[in-house]
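Enquirer: Taking my numbering, the leading residue of the sequence shown gets 385, the next gets one more, and so forth.
Here you go, one structure.
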Amino acid sequence: MDSELEEDDEAKEYTKLEDSIKPRWYILSARSSIKFRWDVVIIFFAVINALTLPMEIAFETYLDDVKQLPVINAITNTIFGIDIIVGFFTSYINVSTGDEIFGFQMIGINYIVNGSFTVDLISTISIDKWYNNFSETPNESILTLLKIIGMIKLQRIRRLAKIISNLNQTQETKALFKVLNMVFILILYIHVIACLLWKVFSIEETWIPAVDFIYVESRIFDESTTFGKKYFSMCYHAIMVFGLNEVAPRTALETFIVILMMIASAIANAFIFGEMAVLVQEMDKKDIEF
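Listed below in structure tokens is the structure:
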């Protein structure tokens, strides 16, 4: 009796699996050209978001004059919202069997449990704007923290690695694209660190750049100092942080934040350049074999 029940369960499971791999007209194939183009659109808006969001946190006063920015942010959030819906109607590859799963229920469970649904949802909702609109007296520190949390939107850039992996190119060409991707991630990391450094240093405005040490004062925080000088000065010091060099924080908060940045930079440094070394070796594989 037990063996018959087990056989019935196995038969039902097999039937369910057979049904799940049958294409549906309303399910977008993960291997289709349409999905590829949609991922490119998402990456495009993710890159824009990755460049503008850190600057909104650090250089908000300079971006107030950019009237197109709210429109761009609204379009980006709308696109990201649509992307969540698309996620529930896109097949996925079962890593155990290699089958492409089209079953709507299985896709939903996989997206919520194993996918990035939670992160996508949080990153799509502008928590800081909700807090600012519904709070009578919004706390500036909490508002800044919510904006920093909103930077998890940047995780959508990970799709670029998937697109490169799925390209119909040789391994050497893919390795080249992956190296360029790592260079882009490095530039983006420097950009984010630069913006966060400015946000921290501008709280008490006691920090002095190395070039002004001899004067024991600096005009870096003066309104007369151009945006370009402030930003590129922070980029320079962000590279110093990435290389675990001295940036001379003065207050306890600055010291604490810089310590965290240096720990993160040590990990990022090892990951990025370690990955690059492997990819360069992959690019030279043919020459080595020859």
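A virtual CB, placed ideally from N, CA and C, is assigned to each residue, including glycine.
Could you tell me the distance, in whole angstroms, from the CA atom of M385 to the CA atom of I547?
Expert: At M385 the pLDDT is 47, less than 50, meaning the model places this residue with poor confidence and gives no usable figure here.
Enquirer: Following the continuous alpha helix (DSSP H) through G471, name the residue where it begins and the one where it ends.
Expert: Counting along the chain, the alpha helix (DSSP H) containing G471 begins and ends at Q452 to G471.
Enquirer: For A545, report the span of its alpha helix (DSSP H) as first-last.
Expert: From DSSP, the alpha helix (DSSP H) with A545 extends over R543 to S549.
Enquirer: Taking the CB atoms as reference points, tell me whether Q539 and V576 lie closer together than 8 Å.
Expert: Their beta carbons are not under 8 Å apart, which means Q539 does not touch V576 by this criterion.
Enquirer: In three-state terms, what does DSSP make of E444?
Expert: In this structure, E444 counts as helix in the three-state DSSP scheme.
Enquirer: Could you round the C-beta distance between I463 and A414 to whole angstroms and report it? I think they count as a contact, below 8 Å.
Expert: At roughly 19 Å, the Cβ-Cβ gap does not stay under 8 Å, so I463 and A414 are not in contact.
Enquirer: Distance, Cα to Cα, I641 vs D449?
Expert: One C-alpha to the other measures close to 29 Å.
Enquirer: Here's a check: name, in chain order, each residue in its chain whose Cβ is nearer than 7 Å to the Cβ of F486, leaving out the five neighbours to either side.
Expert: Here the set comprises S404, I405, K406, P407, R408, I411 and S475.
Enquirer: Excluding the 5 residues flanking A434 on each side, which residues of the same chain have their C-beta closer than 7 Å to its C-beta?
Expert: Correct list, in chain order: L538, I541 and L572.
Enquirer: Considering only their Cβ atoms, is the gap separating C619 from I441 smaller than 8 Å?
Expert: No, they are not a contact pair.
Enquirer: Report back the beta-carbon spacing between I592 and I623 to the nearest angstrom; my notes put them in contact at under 8 Å.
Expert: Not really, about 18 Å apart at Cβ, beyond 8 Å.
Enquirer: In whole angstroms, what separates the C-alpha of N494 from that of L637?
Expert: Near 41 Å, if we compare the C-alpha coordinates of L637 and N494.
Enquirer: List in chain order: all unbroken alpha helix (DSSP H) runs of 4+ residues lying wholly within the stretch 627-667.
Expert: DSSP runs (the alpha helix (DSSP H)) wholly in the stretch 627-667: 636-667.
Enquirer: When we look at the beta-carbon of G534 and count the other beta-carbons within 10 Å, is it buried (16 or more) or exposed?
Expert: Label assigned to G534: buried.
Enquirer: Suppose you measure from the CA of I511 to the CA of E524; what does that come to, to the nearest Å?
Expert: The straight-line gap from Cα to Cα measures roughly 14 Å.
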